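Take the sequence shown: its position 364, counting from 1, is numbered 364 in full-length UniProt numbering, and each next residue is one higher.
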Amino acid sequence: MLPAAQVSTKPPARIQGGIGFESTISSLTPARRAASPLAPTPVRLLENPAHGLSPACSGCIPRPVQSRPLFLLLGLLTAASGVRAATDSPTFVVHNQLVAVPASTSASTRTETDARARVTLTDGRELTVWLAGEELLFDLTKGASYVLDPHATAGCPPVLVAFADNSALLVWRGRGEGDTRDLRTARFADGAWQPATTLNQDDWRTLDDPVGEGPAIDSRGSHVAVAWFTAAEGPRINVATSSNAGSQWLIPLRVDDIAPIGRVSIVLLDDGAQLVSWVERLETDYVILLRRISPQGTLSVPVQLARLAPDPGHPRLTRIKDGDTTPAQLRLAYTVSGQPVARLITLPDASLLAEADTCGCDPRPEDQRGYALKGRITDINPKAGTITLSHDDIPGLLKATTTIFKAAPDMITAAKPNSRVFARTERIGPDLWLFNVRTLVTP
């Protein structure tokens, strides 16, 4: 077990309805990191009676932080009244901000009426998927309902994300032969569902329905991240990612600590990092843990966000801000004594979390943005500032076709007609822009 980190905490800044803390944790030394097991013991928060926590903020306790910081938690924020919290931390740039818990993100335990997933496709139609017992049903804009899977796991809500090419990806917990409860995925494209596939062969077998233990999902462009609980070979939390809208998946990464019970939530950031939360059981209560997975798949030390009463509900992460020059912000919504509350989580600048790339093989920031494509240059128009490509399918964005892309002047100058290229594209305003172009050399 790793030795406990030394806690260094500023005096708590009092805010309405609770107390906010600013703290720091020193990083693990290389020797300690080398000794760390697959799921290292998290740095536990320490309750301090001297801080005088109010009953409504019984889980709002200081946490040790690393000198290369992971997260900053700003107080306990109630839904009844917006709470303003501020910090003068030199490490984080965080402005005064009001945060409340929207009714749509209440962290109360999910019910049958919650077991619906709904997205709006780019053509304006609404795709809805829901459970009716063990049947997984769907409809489009309140049309006729159809059975998608007659043997889903009852009580485990499905999750759904939509893409720019008018497609969608569905993930749900199936029920297979021998009562296996592995996750299944299916893509909705061209107005029809493609055949379902198993996301990962967990081979979790149980006669009882794991009510409330559906997967969590988030997407950015063609990148998708899914988190889920499984009890195959012991309870664990897995995270799997896809860079092509769910067509293919990387091998899942185990992220839990000691005694996970599930209740997963996940957020995918623009830089490819994932933030996953889940609930673990202690001797007498529960804790919410949060962990960052870097774009390279490296796990941070788990951070304890709160202690919970015997009924932990289903905490949910929501992305508040990402994609600009300031640190990303998340909101964690959960319940305390039946009342919805939230914590604002501010991440430091990504450069503070960057890892040493000793082999030069880590993806660059431009390798994470937008959508990957492969195609042939059919036209170059310097006056219009465009390059035309005949390309293969761009999962989540376009079918195989010929598309006119905007491009920077130096890229247009370097482009060669009829050359085959790998590239990336993203939409900026009304146009698709081409970047990170690499010419394929034919042997």
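Every residue gets a Cβ at the ideal spot worked out from N, C-alpha and C, and that includes glycine. Predicted model only: the values in this text are computed from it and were never measured.
Quiz item: When we look at the beta-carbon of V441 and count the other beta-carbons within 10 Å, is it buried (16 or more) or exposed?
Solution: exposed
Self-check item: Distance CB(N418)-CB(R376) smaller than 8 Å
Solution: yes
Quiz item: So I293 is in the beta strand (DSSP E); what residue range does that whole segment cover?
Solution: 286-293
Self-check item: C-alpha gap between N200 and V171, whole angstroms
Solution: 11 Å
Quiz item: Since L127 and P158 are thought to touch, with beta carbons under 8 Å apart, how far apart are those beta carbons, to the nearest angstrom?
Solution: The pair is not a contact, with the Cβ atoms about 11 Å apart (cut-off 8 Å).
Quiz item: Quick one, which of D311, L347, V161, D149 has its alpha-carbon nearest R291's?
Solution: L347
Quiz item: Under three-state DSSP, which class holds D414?
Solution: Correcting the residue identity first, residue 414 is Ala in this sequence and not Asp. Of the three classes helix, strand and coil, the one that applies to A414 here is helix, per DSSP.
Quiz item: Counting along the chain, where does the beta strand (DSSP E) carrying P340 start and finish?
Solution: 339-346
Exercise. Name the one or two DSSP bridge partners that F163 has.
Key: The partner list for F163 (beta bridge, DSSP) is empty, contrary to what the question assumes.
Quiz item: When the distance is taken between beta carbons, is V287 closer than 8 Å to L308?
Solution: yes
Practice problem: May I ask you to report which of helix, strand or coil DSSP gives P409? | Solution: helix
Quiz item: Could you give the residue range of the beta strand (DSSP E) that holds L207?
Solution: That residue, L207, is in no beta strand (DSSP E); it is neither H nor E in DSSP.
Exercise. Answer yes if the region 205-220 comes into contact with the region 186-193, meaning at least three C-beta pairs across the two stretches below 8 Å, and no otherwise.
Key: no
Quiz item: For Q274, which of helix, strand or coil comes out of DSSP?
Solution: strand
Quiz item: So the beta strand (DSSP E) H223 belongs to, where does it begin and stop?
Solution: 223-230
Self-check item: Local conformation of E177 per DSSP, three classes
Solution: coil
Self-check item: T241, enclosing beta strand (DSSP E) - first and last residue
Solution: 236-242
Quiz item: With 16 other CB atoms within 10 Å as the buried threshold, where does V276 fall?
Solution: buried
Self-check item: Beta-carbon separation (whole angstroms), L332 vs P315, contact threshold 8 Å
Solution: 6 Å
Exercise. Would you tell me roughly how many angstroms separate the C-alpha atoms of R184 and T197, rounded to the nearest one?
Key: 6 Å
Quiz prompt | Contacts around I266, its chain only, beta-carbon distance under 8 Å, and the 5 residues preceding and following it disregarded | solution = A216, I217, D218, A225, V226, A227, V239, Q274, L275, V276, S277, L317
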